[in-house]
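A.B. asks: Keeping their order, the protein sequence lines are chains G and S.
This note's numbering numbers the first residue of the first sequence as 1 and each following residue consecutively.
This note's numbering numbers the first residue of the second sequence as 1001 and each following residue consecutively.
For every residue, glycine included, the Cβ atom is placed at its ideal position computed from N, Cα and C.
Fair warning: this is a prediction, and the values are worked out from it, not measured in the lab.
Take this structure, written in structure tokens, and hold onto it; I'll ask about it next.
Number of protein chains: 2
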Amino acid sequence: MKWDALEEEPCSLARTVAVIGDRWSLLILRECFLRIRRFDDFQASLGITRHLLADRLKKLVRFGVLRKIPYQEAPKRYEYILTQKGLDLYPIIMSIVHWGNVHMVDARGRPLLHEHKTCGKMFDPVMVCSECGAPLSAKHVHVHPGPGARKSSPVHASARERTKRTAEQG
Amino acid sequence: MKWDALEEEPCSLARTVAVIGDRWSLLILRECFLRIRRFDDFQASLGITRHLLADRLKKLVRFGVLRKIPYQEAPKRYEYILTQKGLDLYPIIMSIVHWGNVHMVDARGRPLLHEHKTCGKMFDPVMVCSECGAPLSAKHVHVHPGPGARKSSPVHASARERTKRTAEQG
DNA sequence: TATTGACAGTTCTAAAATAGAACTTATGGT
DNA sequence: ACCATAAGTTCTATTTTAGAACTGTCAATA
């Protein structure tokens, strides 16, 4: 499967992975949320090669996650800021950070702590149901095909069954 | 920067990206949450090359996200199931799916719908503060260095300031 | 006027990762 | 003996990435 084919998959996870599913994009976005905006600042704080950084910024702009804003004329210079679409990535970033906090920290403890300005306390992010507010876990969720589902979706039939059926058909 | 160096970074996001930050790992994990467990089933439903699949499964086992369980002797065969550490990735998966649902679906609509068995309704995942229960947004969160922070962390000083200081020091 | 420095990239080569297909091993069934 | 199932491994060609050097604009300085 080619990289670009991911964007076309009838799967919201695959399409999002097309945007953020590489070594650098999430790290670049982390910097964006920490108010880094300029090329050399990204490069200095991440240690990414300039080539790849240019490529990834271009990709994130193309996907509408970042926007280039001029901050000086002569020579024309731009900085990269998060769009609303980019800001909406915050729950993804936070859930990733939280999993790392729980499962990947060494003996020294967490690199960062998060304070919720609204309530003034140090917090962890919790994912809840939009309808009843209860914390979510995989076993309490049932998946249904939606309007954009493909026929013979992996959701409807196990891969084993699909393999068998394909063999029968072909 | 080498791939393996990510695991050592004093950043929970970077360390998690070392586990899930590639083209395939998240897609493999999606299948795991959809009850796919066996090598050929992963391969058939994802279209990943067998080589890469073997490599990624090995990596996910090494990180303790999946566990190999024998399901038959003679010949000895294993299936891959999520550990608790792997199950804890659920909020990451769901936040990614949700962002894709909001920002990446085409005219046909969502490929999948999620029902919360607890309350019986179709829902979206919402990320809230563990302390006050309010939905989270980036601008209401303040970041502090934790015990595992590195000195001169990117969080304490902007990259621009760090560059200047480095130039002064060196 | 020539030089230096800041900034945002682009270009180059070598190394590493990935795609795609074929092959291997172990076993059970016909 | 032959085929099928399952879980990989091995191979070559292509693509991506790492790392360093280079380019182009402009402002400030010597």
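Nearest by alpha-carbon distance to Leu46 of chain G: which of G:Gly120, G:Leu27, G:Arg108, G:Ala134 is it?
C.D. replies: For this step, residue 46 of chain G is matched to residue 46 along the first sequence. Answer by Cα proximity: G:Leu27.
A.B. asks: Give a yes or no on whether the C-beta atoms belonging to Ser1025 of chain S and Ser95 of chain G are separated by under 7 Å.
C.D. replies: Taking the second sequence and counting its residues from 1, the one referred to as residue 1025 of chain S is at position 25. Taking the first sequence and counting its residues from 1, the one referred to as residue 95 of chain G is at position 95. Result no, Cβ atoms of Ser1025 of chain S and Ser95 of chain G do not sit closer than 7 Å.
A.B. asks: Determine, using beta carbons only, whether Cys1032 of chain S comes closer than 7 Å to chain G.
C.D. replies: The residue labelled residue 1032 of chain S in the question sits at position 32 within the second sequence. With 7 Å as the cut-off, Cys1032 of chain S does not count as an interface residue toward chain G.
A.B. asks: With a threshold of 7 Å between beta carbons, is Lys176 of chain G in contact with chain S?
C.D. replies: Because chain G spans 1 through 170 in this model, residue 176 of chain G falls outside it and cannot be assessed.
A.B. asks: If we require 3 or more residues per run, which beta strand (DSSP E) segments fall completely within the segment 1075 to 1106 of chain S?
C.D. replies: The segment 1075 to 1106 of chain S contains these whole beta strand (DSSP E) runs: 1077 to 1082.
A.B. asks: Leaving out the 5 sequence neighbours to the left and right, which residues in its chain are closer than 6 Å to Ala18 of chain G when beta-carbon positions are compared?
C.D. replies: For the purposes of this step, residue 18 of chain G is identified with residue 18 of the first sequence, where counting begins at 1. Taken in chain order, the residues that qualify are Leu6, Glu7.
A.B. asks: Decide if Glu1009 of chain S is buried, meaning its Cβ has at least 16 other Cβ atoms within 10 Å, or exposed.
C.D. replies: In the second sequence, residue 1009 of chain S corresponds to position 9, counting from 1. Classification for Glu1009 of chain S: buried.
A.B. asks: How would you label Trp1099 of chain S, buried or exposed, when you count the other beta carbons within 10 angstroms and need 16 or more for buried?
C.D. replies: In the second sequence, counting from the first residue as 1, residue 1099 of chain S sits at position 99. Under this definition Trp1099 of chain S is a buried residue.
A.B. asks: Since Leu66 of chain G sits in a beta bridge, which residues does DSSP pair it with?
C.D. replies: Here residue 66 of chain G is taken as the residue at index 66 of the first sequence, counted from 1. Leu66 of chain G is bridged to G:Leu82.
A.B. asks: From what residue to what residue does the beta strand (DSSP E) around Cys1032 of chain S run?
C.D. replies: Along the second sequence, read from residue 1 onward, the residue named residue 1032 of chain S stands at position 32. Counting along the chain, Cys1032 of chain S falls outside any beta strand (DSSP E), though it belongs to the alpha helix (DSSP H) covering 1025 to 1033.
A.B. asks: Could you give the distance in angstroms between the alpha-carbon of Asp124 of chain G and the alpha-carbon of Ser1137 of chain S?
C.D. replies: Here residue 124 of chain G refers to the residue found at position 124 of the first sequence. Here residue 1137 of chain S refers to the residue found at position 137 of the second sequence. Cα to Cα, the separation comes out at about 13 Å.
A.B. asks: Cβ closer than 8 Å: which chain G residues qualify as neighbours of Ala1054 of chain S?
C.D. replies: Stepping through the second sequence from its first residue, residue 1054 of chain S is reached at position 54. None at all; the shortest Cβ gap to chain G is about 16 Å.
A.B. asks: Alpha carbon to alpha carbon, how far is Met104 of chain G from Glu115 of chain G?
C.D. replies: Within the first sequence, numbered from 1, the residue matching residue 104 of chain G stands at position 104. Within the first sequence, numbered from 1, the residue matching residue 115 of chain G stands at position 115. Taking the straight line joining both Cα atoms gives about 21 Å.
A.B. asks: Counting only the same chain and skipping the five closest in sequence on each side, list residues whose C-beta sits under 7 Å from that of Arg37 of chain G.
C.D. replies: Position 37 of the first sequence, counted from the first residue, corresponds to residue 37 of chain G. Once the five neighbours on either side are set aside, the close Cβ partners of Arg37 of chain G are Glu79, Tyr80, Ile81.
A.B. asks: Are His1144 of chain S and Leu34 of chain G closer than 7 Å when you measure CB to CB?
C.D. replies: For the purposes of this step, residue 1144 of chain S is taken as residue 144 along the second sequence, with counting starting at 1. For the purposes of this step, residue 34 of chain G is taken as residue 34 along the first sequence, with counting starting at 1. No. Outside cutoff.
A.B. asks: What do you get for Pro1075 of chain S, buried or exposed, if any count of 16 or more other CB atoms within 10 angstroms of its CB means buried?
C.D. replies: Numbered from 1 along the second sequence, position 75 holds the residue referred to as residue 1075 of chain S. When all chains shown are included, Pro1075 of chain S counts as exposed.
A.B. asks: By Cβ distance, which residues of its chain are closer than 7 Å to Ala1167 of chain S, with the 5 residues on each side in sequence left out?
C.D. replies: The count along the second sequence starts at 1 and reaches residue 1167 of chain S at position 167. Note on Ala1167 of chain S: pLDDT 31, under 50, position unreliable in the model; the coordinate value appears next. Nothing meets the Cβ criterion.
A.B. asks: What's the C-alpha gap between Glu131 of chain G and Glu1131 of chain S?
C.D. replies: Here residue 131 of chain G corresponds to residue number 131 of the first sequence, with the count starting at 1. Here residue 1131 of chain S corresponds to residue number 131 of the second sequence, with the count starting at 1. So the alpha carbons of these two residues sit roughly 19 Å apart.
A.B. asks: For Ile69 of chain G, I'd like the list of residues in its chain whose CB is within less than 7 Å of its CB, leaving aside the five on either flank, ordered along the chain.
C.D. replies: Against the first sequence, residue 69 of chain G aligns to sequence position 69. Tyr78, Glu79, Ile81.
A.B. asks: Return helix, strand or coil for Leu136 of chain G, following the three-state DSSP convention.
C.D. replies: Position 136 of the first sequence holds residue 136 of chain G. DSSP places Leu136 of chain G in coil when its eight states are reduced to three.
A.B. asks: Taking only the alpha-carbon atoms, compute the straight-line gap between Val1097 of chain S and Tyr1090 of chain S and give it to the nearest angstrom.
C.D. replies: In the second sequence, residue 1097 of chain S corresponds to position 97, counting from 1. In the second sequence, residue 1090 of chain S corresponds to position 90, counting from 1. Distance between the alpha carbons of Val1097 of chain S and Tyr1090 of chain S: 10 Å.
A.B. asks: For Leu57 of chain G, I'd like the list of residues in its chain whose CB is within less than 8 Å of its CB, leaving aside the five on either flank, ordered along the chain.
C.D. replies: The count along the first sequence starts at 1 and reaches residue 57 of chain G at position 57. Contacts found: Ile28, Phe39, Phe42, Leu66, Tyr80.
A.B. asks: Whose Cβ in chain G lies nearer than 8 Å to the Cβ of Lys1085 of chain S?
C.D. replies: In the second sequence, residue 1085 of chain S corresponds to position 85, counting from 1. Per Cβ cutoff of 8 Å: His103.
A.B. asks: For Glu115 of chain G, does the three-state DSSP call read helix, strand or coil?
C.D. replies: Counting from one through the first sequence, the residue named residue 115 of chain G turns up at place 115. It is a strand residue.
A.B. asks: Does any CB atom of chain S fall closer than 7 Å to the CB of Leu112 of chain G?
C.D. replies: The residue given as residue 112 of chain G occupies position 112 in the first sequence. So, interface residue.
A.B. asks: Determine, using beta carbons only, whether Val17 of chain G comes closer than 7 Å to chain S.
C.D. replies: The residue given as residue 17 of chain G occupies position 17 in the first sequence. So, interface residue.
A.B. asks: For Glu993 of chain S, collect the residues of the same chain with a Cβ closer than 7 Å to its Cβ; drop the 5 residues on either side in sequence, then sort them by chain order.
C.D. replies: Outside the modelled stretch of chain S, which goes from 1001 to 1170, sits residue 993 of chain S, for which no answer is possible.
A.B. asks: May I ask you to report which of helix, strand or coil DSSP gives Lys121 of chain G?
C.D. replies: The sequence position of residue 121 of chain G within the first sequence is 121, counting from 1. Reduced to three states, the DSSP call for Lys121 of chain G is strand.
A.B. asks: Can you check which of these residues, G:Pro147, G:His142, G:Cys119, is closest to Ala1134 of chain S by C-alpha distance?
C.D. replies: Here residue 1134 of chain S corresponds to residue number 134 of the second sequence, with the count starting at 1. Of G:Pro147, G:His142, G:Cys119, the residue nearest in Cα terms is G:Cys119.
A.B. asks: Since I believe Gly1148 of chain S is in contact with Arg150 of chain G (beta carbons under 8 Å), could you give me their beta-carbon distance rounded to a whole number of angstroms?
C.D. replies: Along the first sequence, one-based indexing puts residue 150 of chain G at 150. Along the second sequence, one-based indexing puts residue 1148 of chain S at 148. That belief does not hold up - the Cβ atoms of Arg150 of chain G and Gly1148 of chain S are roughly 44 Å apart, past 8 Å.
A.B. asks: Does the Cβ-Cβ distance between Val1141 of chain S and Val126 of chain G come in under 7 Å?
C.D. replies: To locate residue 1141 of chain S, count along the second sequence from 1; it is residue 141. To locate residue 126 of chain G, count along the first sequence from 1; it is residue 126. Contact flag unset, no.
A.B. asks: Around the C-beta of Thr1049 of chain S, are 16 or more other C-beta atoms found within 10 angstroms, so that it is buried, or is it exposed?
C.D. replies: Reading the second sequence from its first residue, position 49 is the one you call residue 1049 of chain S. By the neighbour-count rule (16 or more Cβ atoms within 10 Å), Thr1049 of chain S is not buried but exposed.
A.B. asks: Give me the chain S residues within the contact set of Lys117 of chain G, using Cβ-Cβ distance strictly less than 9 Å, ordered along the chain.
C.D. replies: By one-based count along the first sequence, residue 117 of chain G stands at place 117. Within 9 Å Cβ-Cβ: Lys1139, His1140, Val1141, His1142.
A.B. asks: Which partner residues does Arg43 of chain G have in the DSSP bridge list?
C.D. replies: What you label residue 43 of chain G is simply residue 43 of the first sequence in a count that begins at 1. The residue you asked about is not Arg; residue 43 of chain G is Gln in the sequence shown. Answer by DSSP bridge pairing: none, since Gln43 of chain G is not bridged.
A.B. asks: Name the residue from S:Lys1139, S:Lys1002, S:Ala1014 whose alpha carbon lies nearest to the alpha carbon of Leu87 of chain G.
C.D. replies: Here residue 87 of chain G corresponds to residue number 87 of the first sequence, with the count starting at 1. Nearest C-alpha to Leu87 of chain G: S:Lys1139.
A.B. asks: With DSSP run on the structure shown, which of helix, strand or coil describes Ser12 of chain G?
C.D. replies: Counting from one through the first sequence, the residue named residue 12 of chain G turns up at place 12. Note: Ser12 of chain G maps to helix in three-state DSSP.
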